[in-house]
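These protein sequence lines map, in sequence, to chains A and B. Position 420 of the first sequence, counted from 1, bears residue number 420 in my numbering, the numbering being contiguous throughout. Position 393 of the second sequence, counted from 1, bears residue number 393 in my numbering, the numbering being contiguous throughout.
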Amino acid sequence: MHSFNLNPSGNAPISSSLGIAGIDERLRSSFVNLAYGYKARYTLSASARRDGSNYFGVATNQKTIPLWSLGAKWDISKEGFYALGLLPSLSLRCSYGYNGNLDRSITGVTTFEYASNARYTNLPYATISNIGNPELRWEQTGIANFAIDFASAANTISGSMDYYFKGARDILGYKTFASNTGISALEGNYSDMAGQGFDLSVSVKNLTGRLSWTTTLLFSHASDKVTRYDINPYAYQLVGADGNQSVAAPVLGKPVFGLFSYRWAGLAHATGNPVGYLKGVASQDYTAIVENTPTGDLVYAGAARPRYYGGINNRLSYRGFSLNIQINYKLGYYFRKPTINYSNITAAGTAYLAVNQDLDRRWKSPGDERYTQVPSMVYPFVQDRDFFYQYAAINVGKGDHVRLQDISLSYEFSQKAYPSLPFKGLQVFLYANNIAILWKANHWGLDPDAIPLGNDRTTMPSPPSIAFGLKGSF
Amino acid sequence: MKTKIANNSLCLLIIVCTLSACKKDWLDAKPNKALVVPTRLADYQALLDNSQQMNIDQPSISMLGDGDFFISDSRYLGLSPPEQSAYLWAATKNFYGGAPSYDWQVAFARILAANVCLSGLQSLQELQQTAAYQNVAGSALFERSLDNFNLSQLYCKSYDHSTADKDLGLPLRRSPNVNISLKRASLAQSYGQIISDLQQAVRLLPQTPLYPTRPSKAAAYGLLARVYLSQSDYNQAGRYADSSLQLYHQLLDYNTLDPAQASPMSRFNAEVIYHYTLCNYLAFRTSRLKVDTSLYQSYADNDLRKSLYFIAQGTDQSFKGSYDGDRLLFGGIATDELYLERAECYARAGNTAAAMKDLNTLLKTRWLAGSYVPKVAASADEALRIILTERRKELCFRGLRWMDLRRLNKEPSFQTTIRRIIGGQSYTLLPNSARYTLPLDDFEIQKGGLEQNPR
Chain A
1 MHSFNLNPSG
11 NAPISSSLGI
21 AGIDERLRSS
31 FVNLAYGYKA
41 RYTLSASARR
51 DGSNYFGVAT
61 NQKTIPLWSL
71 GAKWDISKEG
81 FYALGLLPSL
91 SLRCSYGYNG
101 NLDRSITGVT
111 TFEYASNARY
121 TNLPYATISN
131 IGNPELRWEQ
141 TGIANFAIDF
151 ASAANTISGS
161 MDYYFKGARD
171 ILGYKTFASN
181 TGISALEGNY
191 SDMAGQGFDL
201 SVSVKNLTGR
211 LSWTTTLLFS
221 HASDKVTRYD
231 INPYAYQLVG
241 ADGNQSVAAP
251 VLGKPVFGLF
261 SYRWAGLAHA
271 TGNPVGYLKG
281 VASQDYTAIV
291 ENTPTGDLVY
301 AGAARPRYYG
311 GINNRLSYRG
321 FSLNIQINYK
331 LGYYFRKPTI
341 NYSNITAAGT
351 AYLAVNQDLD
361 RRWKSPGDER
371 YTQVPSMVYP
381 FVQDRDFFYQ
391 YAAINVGKGD
401 HVRLQDISLS
411 YEFSQKAYPS
421 LPFKGLQVFL
431 YANNIAILWK
441 ANHWGLDPDA
451 IPLGNDRTTM
461 PSPPSIAFGL
471 KGSF
Chain B
1 MKTKIANNSL
11 CLLIIVCTLS
21 ACKKDWLDAK
31 PNKALVVPTR
41 LADYQALLDN
51 SQQMNIDQPS
61 ISMLGDGDFF
71 ISDSRYLGLS
81 PPEQSAYLWA
91 ATKNFYGGAP
101 SYDWQVAFAR
111 ILAANVCLSG
121 LQSLQELQQT
131 AAYQNVAGSA
141 LFERSLDNFN
151 LSQLYCKSYD
161 HSTADKDLGL
171 PLRRSPNVNI
181 SLKRASLAQS
191 YGQIISDLQQ
201 AVRLLPQTPL
211 YPTRPSKAAA
221 YGLLARVYLS
231 QSDYNQAGRY
241 ADSSLQLYHQ
251 LLDYNTLDPA
261 QASPMSRFNA
271 EVIYHYTLCN
281 YLAFRTSRLK
291 VDTSLYQSYA
301 DNDLRKSLYF
311 IAQGTDQSFK
321 GSYDGDRLLF
331 GGIATDELYL
341 ERAECYARAG
351 NTAAAMKDLN
361 TLLKTRWLAG
371 SYVPKVAASA
381 DEALRIILTE
391 RRKELCFRGL
401 RWMDLRRLNK
411 EPSFQTTIRR
421 IIGGQSYTLL
431 PNSARYTLPL
441 DDFEIQKGGL
451 EQNPR
């Protein structure tokens, strides 16, 4: 064997320095777009695309992915029979789009990856880079959209309303496997989902003339649910996946991003220990609660992503002045409040990230449970006790809020009004952003748009900002 | 009609945009030169040559409980939850601290690799008579058997002929299809698989391997001897130890080694038939492991192992005698083990002279040149007692003691009780305790649907 002694001890083969490397990515796209208009009232459109790539280890007929869409528009107001004077402009639209998707990194057959210089022998060797999944298919997504566009005389009221529904089949995801299979997880087509929603946009000219005032209202709704899921997640996986961590917690019939938590029974009077439930009975066996709670016994709060959202914009202008006020809102969702996890405050290097002001609110002596829900600190720390409290229902709140997003005020000096100006136009403006939360459902004083993820304590609410400026054009 | 369409202002717009190369197989190019869909014998051989997977990390967490070493209270606190549990033979609940069992995981990953090879060979049947094919097939069977055997010593009860049909064995994976879920076979079925894999391997493997990291006929015979020994089938164990030694029987004269070295034994030394190392647990580090005092004191002063195996750590001794030639602990197959196995089987068969001859042949190479006085035994029983004592002294820290405790505890005259004190509290492992079988991790019970060991 080609070994030599290492200093101070041991020995190793002399590296052959041989290696295999070379990367070659190939992409090919074909694209077709067709549009057909008839009498300026009917429009049909179609588009199709094929994206090909040198995906490795898939059958040749799967190397290209299809995408296509069909659409139609009918301008009713241009028809002879149309007589709705109130809405001189009215049209209907609908479309359907489809696409397939395959993850580049996974294949249906077993593949090896070669490397050089095996430990001890220097031989070239291979590892399994992908264990074959013969049942692998494309993800398929279809979206249907129906819409109305309308406008009243002189565009006093104009807007559109879109309704869509969406189905996705064979969505790719990871499923954990028992280790006796030889792997820990495998990506495959384990789920289906369905979604629907609408977007409403209305713009109203309240005043026109010297003083003009336009109000624009945006209102959207989005909901989704899991319609098939082949994996049975554990309770601790479901609670650990919050919507705000962009980790899905799919449960049949529930949104892809939902918020689950352990049932909470308060703090024990004598010890300040958190109390949960096991099979319907109050329990302090944290390991059993964390590991053995059936997913059906978890508390489901609701969606972790807003179900309704939008904004109201008011724009006023008078002579050279203009004022713009934007208010946004998000409704119908839940979030998990970050709290103290005692076990993490001793973690080397990241301890400072785990400290939370709830430490100060903790239970310290019997009776405190009347004022606080933060458990006592016990040492040595018990990880499962901390995990249970962190993911208990007591730490879930409604995310709904209304925010005064921004205000801008500007004045425009135009050359017309001030002929002596050396500019074509000069604008002075004041812009304030992230001004305030006007209303929020949670009582913790937390901005639901700035909830830190996991151990991250660096996330902060976007600070208000004010800018003052001058803008000239020549 | 034609004019009507024109009047109605037909508007047709087509954009076709194709960015394509002329060749149809353009998309078949490999994105990464290192990737292959395995089709050739060489691909499967390359998978088995991955020493980083195949020749390290053999199941060994049981060694923490075998009593050949102890660790200080403060070092105990620094161990991972599974190590702490194994050290104190803890109860099943939370044994692995919520993590999967590492030994179980890595062993089954290797079994999967072996099964990928064996299933790949099915489409290469035309090459069946070639040496390359037989080496791949024999190696894959050997690896699968080795892992199944090592797993059985941790996670299954010690083999007992009268109950093996009912005792829980292993989920026996014979296919690379990960979608198949299995129940635990019986212990008798598991041993049946282990032995039949090895018997096939013996026929396929070459007499001399190209590298000690590849199995050979002698290695397969050697493993068969170990397997039968664990079943207390001393006839077969002796037979296979002999078959292996017939093929290769070289011993290393310890007088040629330098005790001043940090690792006096070299990797792939003359005694090594097949090289592999044990899972590298924190407790096995020289700085933590403290050799059992009575074990250390059992070596005579002229016994070279006293200075070649051990290194002083403060007032205690640690181990430095691994045949890995480095800090990893060797668990592979070597001639010294086979001499001791054949000697034990001779003694058990009543052949005192042959037993003592094997023992003395080995020990002569372990003692200072000229100082060794051949041991004599008045009876086969006495020979057996001497051989078992020498077995523990020669093969310590190779992951074999656990198997020996399990089988020898069945004989009243060789029973051992192991005691520990940690944090002022004492712990005891009684002979034949159910704690000699480690629990499966919670994931295997919940996800894999396997039955837990009663402990």
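Every residue, glycine too, gets a C-beta built ideally from N, C-alpha and C. From a predicted model like this one, the values you see are computed outputs, not experimental measurements.
Please report how far the alpha carbon of residue i lies from the alpha carbon of residue j, in whole angstroms.
| i | j | result |
| --- | --- | --- |
| S158(B) | L168(B) | 10 Å |
| P66(A) | W138(A) | 10 Å |
| A194(A) | D230(A) | 16 Å |
| K447(B) | Y234(A) | 10 Å |
| L430(A) | K205(A) | 24 Å |
| N478(A) | L207(A) | Here chain A comprises residues numbered 1 to 474, so residue 478(A) is not present and cannot be evaluated. |
| F310(B) | D258(B) | 13 Å |
| A126(A) | N32(B) | 14 Å |
| Y281(B) | E83(B) | 8 Å |
| T389(B) | D404(B) | 11 Å |
| I15(B) | L34(A) | The pLDDT assigned to I15(B) is 42, lower than 50, so where the model puts this residue is not dependable; a value taken from the coordinates is nonetheless given after this. Distance between the alpha carbons of I15(B) and L34(A): 7 Å. |
| R403(A) | L409(A) | 18 Å |
| Y391(A) | L331(A) | 22 Å |
| S414(A) | R210(A) | 16 Å |
| I195(B) | Q189(B) | 10 Å |
| A185(B) | S29(A) | 52 Å |
| N433(A) | S77(A) | 41 Å |
| L170(B) | D197(B) | 15 Å |
| H269(A) | N356(A) | 23 Å |
| S123(B) | N130(A) | 20 Å |
| L238(A) | Y309(A) | 25 Å |
| A265(A) | M377(A) | 18 Å |
| F414(B) | F260(A) | 56 Å |
| L154(B) | T437(B) | 6 Å |
| A449(B) | K217(B) | The displayed chain sequence assigns Gly, not Ala, to residue 449(B). One C-alpha to the other measures close to 37 Å. |
| D316(B) | I71(B) | 10 Å |
| F268(B) | E113(A) | 28 Å |
Per DSSP, residue i is paired with what?
| i | result |
| --- | --- |
| I23(A) | N32(B) |
| H221(A) | F198(A), Y308(A) |
| K330(A) | Y309(A), H401(A) |
| E549(A) | Residue 549(A) lies beyond the range of chain A shown here (1 to 474); nothing can be said about it. |
| A334(B) | V272(B) |
| R317(A) | According to the sequence as given, residue 317(A) is Ser; it is not Arg. DSSP output for S317(A) lists S212(A), S322(A) as bridge partner(s). |
| K175(A) | L186(A) |
| G222(B) | Paired residue(s): none; G222(B) is not in a bridge. |
| D162(A) | A147(A), D199(A) |
| V226(A) | M193(A), L252(A) |
| G445(A) | Beta-bridge pairing links G445(A) to no other residue. |
Under the assumption that residue i contacts residue j (Cβ atoms under 8 Å), give the Cβ distance between them as a whole number of angstroms.
| i | j | result |
| --- | --- | --- |
| K320(B) | A262(B) | 6 Å |
| C396(B) | L295(B) | 7 Å |
Inset, instruction - Determine, using beta-carbon pairs with one atom in the region 129-148 of chain B and one in the region 371-378 of chain B, whether at least three such pairs fall under 8 Å. - result: No, the region 129-148 of chain B is not in contact with the region 371-378 of chain B.
Inset, instruction - Below 8 Å between beta carbons is the criterion; list the residues of the region 34-51 of chain B that meet it against any residue of chain A, in chain order. - result: Listed by position, the residues of the region 34-51 of chain B near chain A (Cβ gap below 8 Å) are A34, L35, V36, V37, P38, D43, A46, L47, D49, N50, S51.
Inset, instruction - Would you check if the region 213-225 of chain A and the region 137-155 of chain A touch, i.e. whether three or more CB-CB distances between them fall below 8 Å? - result: The way I'd put it, the region 137-155 of chain A doesn't touch the region 213-225 of chain A; fewer than three beta-carbon pairs between them come closer than 8 Å.
Inset, instruction - Could you please tell me which residues of the region 207-225 of chain B, in chain order, have their CB closer than 7 Å to any CB of chain A? - result: Result list: Y211, T213.
Inset, instruction - Report yes or no: do the region 271-291 of chain A and the region 174-190 of chain A share at least 3 C-beta pairs separated by less than 8 Å? - result: No, because fewer than three Cβ pairs between the region 271-291 of chain A and the region 174-190 of chain A fall closer than 8 Å, the two stretches do not touch.
Inset, instruction - With 7 Å as the limit, tell me which residues of the region 24-35 of chain A have their beta carbon closer than that to any beta carbon of chain B; keep them in chain order. - result: Residues passing the 7 Å Cβ filter: D24, E25, R26, R28, S29, S30, F31, V32, N33, L34, A35.
Inset, instruction - Count the C-beta pairs between the region 266-279 of chain B and the region 59-68 of chain B that are closer than 8 Å, then say yes if the count reaches three, no if not. - result: Touching, yes.
Inset, instruction - Kindly confirm or deny that the region 350-357 of chain B and the region 317-333 of chain B touch, where touching means at least three C-beta pairs closer than 8 Å. - result: The region 317-333 of chain B and the region 350-357 of chain B do not touch, with fewer than three beta-carbon pairs separated by less than 8 Å.
Legend entry - chain A contacts made by the region 100-118 of chain B, where a contact means CB separation under 7 Å: So the close ones are P100, W104, Q105, F108, A109, I111, L112, A113, V116.
Legend entry - Short-range partners of chain B found in the region 167-178 of chain A, where Cβ spacing is below 8 Å: Taking 8 Å as the upper bound on Cβ-Cβ separation, chain B lies near residues T176, F177, A178 of the region 167-178 of chain A.
Inset, instruction - Give the residues from the region 415-445 of chain B that approach chain A closer than 8 Å (Cβ to any Cβ), ordered along the chain. - result: For the region 415-445 of chain B, which is checked against every Cβ of chain A, the residues closer than 8 Å are D441, D442, F443, E444.
Inset, instruction - Name, going along the chain, the residues of the region 112-129 of chain A whose beta-carbon falls closer than 8 Å to a beta-carbon of chain B. - result: Result list: F112, E113, Y114, A115, A118, R119, Y120, T121, L123, P124, Y125, A126, T127, I128, S129.
Inset, instruction - Please name the residues in the region 180-193 of chain A whose beta-carbon is closer than 7 Å to at least one beta-carbon of chain B, in chain order. - result: The region 180-193 of chain A vs chain B, Cβ under 7 Å: N180, T181, G182, I183, L186.
Legend entry - Under 8 Å (Cβ pairs) to chain B, residues found in the region 38-53 of chain A: Among the residues of the region 38-53 of chain A, those with a Cβ less than 8 Å away from any Cβ of chain B are Y38, K39, A40, G52, S53, in the order of the chain.
Inset, instruction - Mind the definition here: the region 329-336 of chain B touches the region 230-240 of chain B only if three or more C-beta pairs lie below 8 Å; say whether that holds. - result: Put simply, the region 329-336 of chain B does not touch the region 230-240 of chain B. Fewer than three CB pairs are less than 8 Å apart.
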